[in-house]
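What follows is a single structure, written as structure tokens, with notes after it.
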């Protein structure tokens with residue numbers, strides 16, 4: 110049940126691993142570059158739509174509907190200029206290039222508002238492409254009542270632009286659109302960015318190859334530490350520090366297999382605290398937790414200095430907490446019931462002299478021990494636990510703070526019926542275990 114540590118990893122393996130990591134990094138960088146480009150495009154589209162929506166809010170629909178000639182604007186000059194100023198303010202706040210509004214008049218797309226200070230001429234026809242005299246698709250979509258945006262979708266004499274548009278409604282009808290342009294800088298800078306990335310990648314290769322050996326070595330140490338931490342979290346009881354049920358079952362499977370293979374034996378003690386409920390009820394659960402920790406220390410150390418019950422080399426005495434106040438001890442090398450009795454008496458005798466915890470004597474806390482022997486009683490470790498539990502139940506029923514070795518007669522005399530025994534797992538037998 111120990112984690113194997115990685116030792117003396119060949120330097121070529123680390124270098125090979127470094128190449129693999131480097132390849133993955135390069136691949137991920139290329140993939141991330143494409144993902145970032147998509148994210149950038151989505152962000153630009155979102156900015157185009159949100160800016161156009163904000164601009165639409167400052168345009169008075171009735172006035173916009175009434176603007177059909179320069180004369181209409183001249184007659185409403187003050188309000189028109191106020192709206193234009195607000196559109197320019199939004200342009201500056203959203204950091205876009207242009208905001209403008211188009212209206213379909215006599216079958217032609219005509220500028221009504223335009224935030225471009227260098228070209229303030231309005232009521233002119235918009236041509237997205239001077240050769241085909243067509244407006245961009247986003248404009249047509251907007252005139253159909255849709256919010257639309259595109260990347261590098263407008264190229265004219267003024268440059269390359271990302272453009273978005275939203276419709277202006279009046280009485281449910283589209284009477285015009287508000288458009289936003291952002292001058293495209295991504296394509297213009299892509300060549301320079303690619304060159305910078307290439308240089309950066311070359312430098313990264315040299316730096317990575319130099320540093321990867323150190324990084325991998327540290328990574329392996331960190332992984333080892335993490336594995337040990339996770340192993341302990343999964344296999345040890347948080348309160349007492351003893352192995353938990355999961356660890357115990359794995360250990361029992363291993364020791365049972367080895368015992369059958371090597372024709373050796375071991376004893377399983379199932380230990381339940383007597384009067385533990387009195388401690389919790391009268392002194393509180395913190396006192397109960399303190400008591401459990403002291404008992405765990407005691408059970409974990411009871412056999413470590415005993416030559417009589419010292420396990421063979423490579424085999425451990427294991428104490429585990431499997432429930433609230435239930436513990437199991439696995440003691441290798443116990444071949445006869447006489448050996449088991451000696452071990453149990455040692456546990457009880459030393460426990461009675463314990464002064465580590467004031468609650469032991471105050472509330473007459475004792476140990477009821479059920480004993481089952483492998484393979485004498487059974488060659489199944491799961492059944493072995495059941496037999497030890499039956500024996501412990503008998504010890505409880507006949508006076509507490511004592512031990513009992515399993516025998517077949519206990520199946521009849523100790524458990525009134527099978528349903529009562531099965532109820533133990535749900536807590537219905539706890540009244541016999543206090």
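Numbering (our numbering), first residue to last: 110 to 543.
Even glycine gets a Cβ: it sits at the ideal position worked out from N, Cα and C.
Straight through space, the alpha carbons of residue 136 and residue 487 are spaced by roughly 58 Å. Here residue 449 has 376, 443, 480, 482, 514 as same chain residues with Cβ atoms under 7 Å from its own Cβ, once five neighbours each way along the sequence are excluded. For residue 462, the three-state secondary structure derived from DSSP is coil. It is roughly 11 Å from the alpha-carbon of residue 247 to the alpha-carbon of residue 254.
Of 128, 349, 380, the smallest CA-CA separation from residue 399 is found for 349. Sorting 289, 343, 367 by C-alpha distance to the C-alpha of residue 200 places 289 at the top. The beta carbon of residue 473 sits closer than 6 Å to the beta carbons of 384 from its chain, once the five residues preceding and following it are set aside; these are given in chain order. For a cut-off of 8 Å, the C-beta gap from residue 456 to residue 411 is around 6 Å, short enough to register as a contact. The DSSP-derived three-state label of residue 289 is strand. Here the alpha carbons of residue 427 and residue 357 stand approximately 8 Å from one another. Spanning the alpha carbons of residue 187 and residue 302 requires a straight line of approximately 47 Å. The DSSP-derived three-state label of residue 207 is strand. If you look at residue 380, you'll find it in the beta strand (DSSP E) that goes 375-383. Residue 347 sits in coil when the DSSP states are folded into three classes, being neither helix nor strand. When only Cα atoms are considered, residue 477 and residue 366 end up about 28 Å apart. Residue 368 and residue 374 have their C-alpha atoms spaced approximately 6 Å apart. Leaving aside the five residues that flank residue 279 on each side, the residues in its chain whose CB is nearer than 7 Å to its CB run, in chain order, 170, 174. Counting only residues of its own chain and dropping the five nearest sequence neighbours on each side, residue 150 has a CB closer than 6 Å to the CB of 260. Going by DSSP, residue 482 is part of the beta strand (DSSP E) stretching over 475-483. Put simply, the backbone Cα of residue 283 is about 57 Å away from that of residue 129. Counting only the Cα atoms, residue 323 lies some 53 Å from residue 498. When rounded, the separation of the alpha-carbon atoms in residue 504 and residue 512 is 6 Å. At least 9 Å separates the beta-carbon of residue 291 from that of residue 148. Per DSSP, the beta-bridge partners of residue 259 are 272.
For the pair residue 387 and residue 435, the CB atoms are not nearer than the 9 Å cut-off. For the pair residue 470 and residue 391, the Cα-to-Cα distance works out to about 14 Å. In this structure, residue 285 keeps its C-beta atom at 9 Å or more from the C-beta atom of residue 161. DSSP, reduced to helix, strand and coil, places residue 234 within a strand of the structure shown. DSSP, reduced to helix, strand and coil, places residue 428 within a strand of the structure shown. Between the C-alpha atoms of residue 336 and residue 140 there is a straight-line separation of about 31 Å.
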